[in-house]
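Read in order, the letters of the sequence shown correspond to residues 7 to 519 in my numbering.
Where is the CB? At the ideal position from N, CA and C, for every residue including glycine.
Notes to accompany the following structure.
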Amino acid sequence: MRVPMTVSDFLDRAELGFRDSTGVVDEPDQPAPPVPTATYGQLADRVRAWQAGFDALGVGVGERIAVVSHNSARLLELLFAITTSGRICVPVNFRLRPDEVDYVVRQSGAGVLLVDPELDHALADVKARHRYVLGEQTETELMRFGVQPRPWTEPDEDATATINYTSGTTARPKGVQLTHRNIWVNALTFGLHTRAWERDVYLHTLPMFHCNGWGMPFVMAGLGAKQVVLRKVDGTEILRRVEQHGVTLMCGAPAVWNAVLDAAAAWDGEIPGRDRVRIVCAGAPPPSRTIQRVGEELGWEFTQIYGLTETSPVLTFNRTRAEDDELPAEERARKLSRAGLPALGVRLKEAESGEVLARSNVVLDGYWEKPDETEAALQDGWFHTGDGGSLDPDDGHLTISDRKKDVIITGGENVSSIEVEDAIFSHPAVAEVAVIGVPHEKWGETIKALVVLADGADADEAAIIAHCKERMAGYKSPTTVEFRTEIPRTATGKVQKFKLRAPYWSGRDRGVN
């Protein structure tokens with residue numbers, strides 16, 4: 007027997023077995039009135055109200071609905087409401103500039119755009135056939151409570167469920183098509199490796215737009231576990247919610263855990279969650295000292311993972327093994343800084359070039375309306391990650407050593423170096439520019455611009471950075487600018503960025519952080 011694996015499975019089980027259990031605790035401090043603390047039965051009712059509203063708009067199966075929002079109960083509802091009705095959800099990074107959001111909406115062909123009220127003014131010029139502000143407008147004008155929505159009559163696990171945009175080697179992001187099967191397998195694999203269960207309390211410290219919250223909204227619902235929304239990352243607020251709600255599980259980039267460590271230094275009393283909280287870190291491996299501090303200062307269990315938006319995202323997991331318990335803390339932390347062992351169902355290998363290749367049911371179906379890029383990424387039946395790395399012959403663990411794509415991961419966000427270079431080159435004083443990632447204790451990597459000024463031109467670091475911030479999201483702008491007389495190139499005119507990065511990464515065992 008073959009039954010389609012779709013996102014509906016997670017919500018169906020939540021409603022069946024945990025209808026009266028608390029499902030979602032919304033963020034209380036937000037521009038729109040928060041959704042009242044909802045049971046999974048109430049969550050399912052609201053999902054149907056969204057779907058009935060989309061029916062009324064005439065949005066059909068396979069059509070795209072874009073959502074630009076900070077973490078909120080409504081965003082979590084929409085991850086279910088859109089996908090379980092056979093429509094395609096396009097979660098958009100709320101940190102993007104209006105023109106960048108506009109590109110995503112247009113390139114995806116989204117007919118409906120749903121916007122967080124905090125972003126409404128900034129995104130006023132971003133249009134779609136139907137545009138709503140999340141909150142009062144969607145409650146009164148879009149959602150249809152008490153109306154039974156049209157069912158998805160032919161569920162298909164190979165249908166696209168979400169299109170998640172990721173920065174790549176070009177200035178324009180690509181839309182990653184994740185199928186219901188991709189999401190289903192990733193969610194179950196994530197739940198297995200994080201030891202998730204019904205009594206977990208999950209805090210959304212990770213943006214839900216980021217590869218669908220790494221699949222955690224789905225598996226947590228399927229298990230009937232309580233989900234607590236955190237709208238914006240704040241170390242003190244994370245500690246407060248851990249204490250208030252009995253949080254046991256969180257995911258996030260290294261910058262999140264650095265913020266918690268900073269807040270813990272000023273926390274009055276015992277750190278909440280000691281010997282109870284499990285955290286999952288990805289985006290960029292933090293320094294081993296940060297990993298050690300999480301255990302020593304917070305008493306939380308640290309797990310490292312590696313993945314990409316194109317892999318739903320999880321490819322590897324790294325948790326301390328029983329045989330490592332007696333190792334010195336520094337040695338345990340060093341071993342945890344590796345990307346980890348391939349997750350169940352994942353196959354990894356090293357190409358001759360040193361690039362990491364992957365095969366798994368979590369690998370993307372393709373890039374939205376970009377067949378050439380899809381073919382290149384899936385060449386020879388393997389997904390080409392663009393990352394250089396090595397597999398330990400003794401224990402099978404992956405270590406990422408370099409990033410072949412020109413992508414900088416800062417604070418867990420992917421930034422295309424080419425996009426930043428384009429913005430800097432538009433400054434009239436700039437003759438040449440190369441953008442690289444350099445190590446940063448808090449963010450993992452930060453963006454450095456190497457700039458050659460035009461003859462007779464004048465500009466300082468502050469002017470270059472300000473110029474960038476006028477043209478792109480703040481997190482994409484360089485934090486430092488170094489002026490040079492030339493940028494070395496090969497005979498064919500190519501910039502060898504690994505040589506430019508080398509002095510800044512000297513003494514480290516990998517060329518990314």
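DSSP places Val9 outside any alpha helix (DSSP H), giving it a letter other than H or E.
Val98 is bridged by DSSP to Val74. Taking the Cβ atoms as the reference, Gly230 lies roughly 16 angstroms from Ser14, outside the contact range of under 8 angstroms.
Leu22 counts as exposed, since fewer than 16 other beta carbons sit within 10 angstroms of its beta carbon. Residue state for Met222 is assigned as helix, using DSSP reduced to three classes.
Checking the DSSP bridge columns, you'll see Asn324 partnered with Gln310. Here Ser366 carries a coil assignment [DSSP, helix/strand/coil]. Of the candidates His76, Phe224, Tyr171, Tyr171 places its Cα closest to the Cα of Trp374. Only buried fits Pro223, as 16 or more other CB atoms lie within 10 angstroms of its CB. Non-local C-beta neighbours of Asn77 in its own chain, meaning closer than 7 angstroms and more than five positions away in sequence, comprise Glu33, His210, Pro213, Met214, Val235, Leu236, Arg237, ordered along the chain. Per DSSP, reduced to three states, the secondary structure at Leu384 is coil, with no helix or strand assignment.
In the structure shown, Arg187 adopts helical secondary structure according to DSSP, grouped into three states. Membership of Asp408 in the beta strand (DSSP E) is indicated by the continuous run 404-409. In this structure Val31 is in contact with Thr43, their Cβ atoms being roughly 5 angstroms apart against a cut-off of 8 angstroms. For Thr486, the enclosing beta strand (DSSP E) starts and ends at 486-489. Where Ala429 is concerned, the enclosing alpha helix (DSSP H) starts and stops at 423-431. For Leu342, the enclosing alpha helix (DSSP H) starts and ends at 335-342. In the structure shown, the three-state DSSP call for Ser114 is helix.
DSSP places Ile88 in the helix class (H, G or I) of the three-state scheme. By the C-beta criterion, the segment 338-352 is judged to be in contact with the segment 289-299, since at least 3 inter-stretch pairs fall below 8 angstroms.
In the displayed model, Pro445 falls within a strand according to three-state DSSP. Here the C-alpha atom of Ala364 lies approximately 28 angstroms from the C-alpha atom of Pro161. Counting along the chain, Tyr171 sits inside the beta strand (DSSP E) bounded by residues 166-172. By the neighbour-count criterion, in which 16 or more other beta carbons inside 10 Å mark a residue as buried, Arg8 falls on the exposed side.
Using a Cβ distance threshold of 8 angstroms, Thr166 and Thr195 do not count as a contacting pair. The three-state secondary structure of Ser14, taken from DSSP, is helix. Closest option to Ala58, judged by alpha-carbon separation, among Asp401, Phe151, Ser114: Phe151. Straight across, the Cα-Cα distance linking Ile311 with Ser396 is about 15 angstroms. Membership of Lys454 in the beta strand (DSSP E) is indicated by the continuous run 450-459. The DSSP-derived three-state label of Cys217 is coil.
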